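Residue numbers (the working numbering): 20 to 202. Beta carbons: idealized from backbone N, C-alpha and C, even for Gly. Since the model is a prediction, treat every value here as computed from it, not as a measurement.
Next comes the structure, spelled out in structure tokens:
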């Protein structure tokens, strides 16, 4: 899989070597406030996780796309984006260092990922789910033209309490006509 480039970012297919560069940016507990995971405990554990992701779905039923996101001007890694493709649908997710929140990097990276999904795969719909308290993530998806299509109360329980989720999606036809603003 090739790198994806935008005006300010390079999305590199994730490999174990990215663990050293992403460990510190992804250690901030603020990233994990609304997701049922904790920050990585070591570079080694993160490298093991990235090796599993790079290997792909052991059953071969899904395609896993995982990208380390770095600034185009140098080797500063700021987060990761991912897509899980099943048939004609993809579920996307993203994690970014709080040092780089509010600068449009997450929107730019997610937009590049979705452009790639629609151009290179037979994806018709792209979905995302998030904790209802995660207003930043909801705003990102809405800026990209995603529609909120559902809600699940008590969808999960983590960090001492229930998590309610919103479900978002965008379809290929809608993305082509209204959202895909090339960077």
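- Cβ neighbours of residue 190 within its own chain (closer than 7 Å, five residues either side excluded): 143, 144.
- Judged by DSSP in its simplified three-state form, residue 117 adopts helix.
- Taken through DSSP and simplified to helix, strand or coil, residue 51 comes out as helix.
- Here the region 164-172 does not lie against the region 116-127, with fewer than 3 beta-carbon pairs under 8 Å apart.
- Residue 76: not part of any beta strand (DSSP E); DSSP gives it neither H nor E.
- By the Cβ rule, the region 103-114 does not count as touching the region 61-73, because fewer than three pairs are nearer than 8 Å.
- Of the residues 185, 62, 42, the one whose Cα lies closest to the Cα of residue 153 is 185.
- Sequence-distant partners of residue 33 (beyond 5 residues in either direction) whose C-beta falls short of 7 Å from its own C-beta, in its chain, are 69, 72, 73, 85, 86, 87, 99.
- In this structure, the straight-line span from the alpha carbon of residue 52 to that of residue 40 is close to 22 Å.
- With respect to residue 146, residue 157 sits apart: the two C-beta atoms are not nearer than 9 Å.
- Comparing alpha carbon positions, the residue from 23, 64, 55 closest to residue 42 is 64.
- By the beta-carbon neighbour count (other beta carbons within 10 angstroms, threshold 16), residue 139 is exposed.
- Comparing alpha carbon positions, the residue from 137, 129, 182, 134 closest to residue 150 is 182.
- With distances taken between CA atoms, residue 120 lies nearest to 47 out of 26, 25, 94, 47.
- At the C-beta level, residue 137 and residue 44 stay beyond 9 Å of one another.
- Secondary structure at residue 167: strand, using DSSP grouped into helix, strand and coil.
- Secondary structure note for residue 150: its beta strand (DSSP E) is the uninterrupted segment 144-150.
- For residue 157, the enclosing alpha helix (DSSP H) covers residues 154-162.
- With 16 or more other Cβ atoms inside 10 Å of its own Cβ, residue 38 counts as buried.
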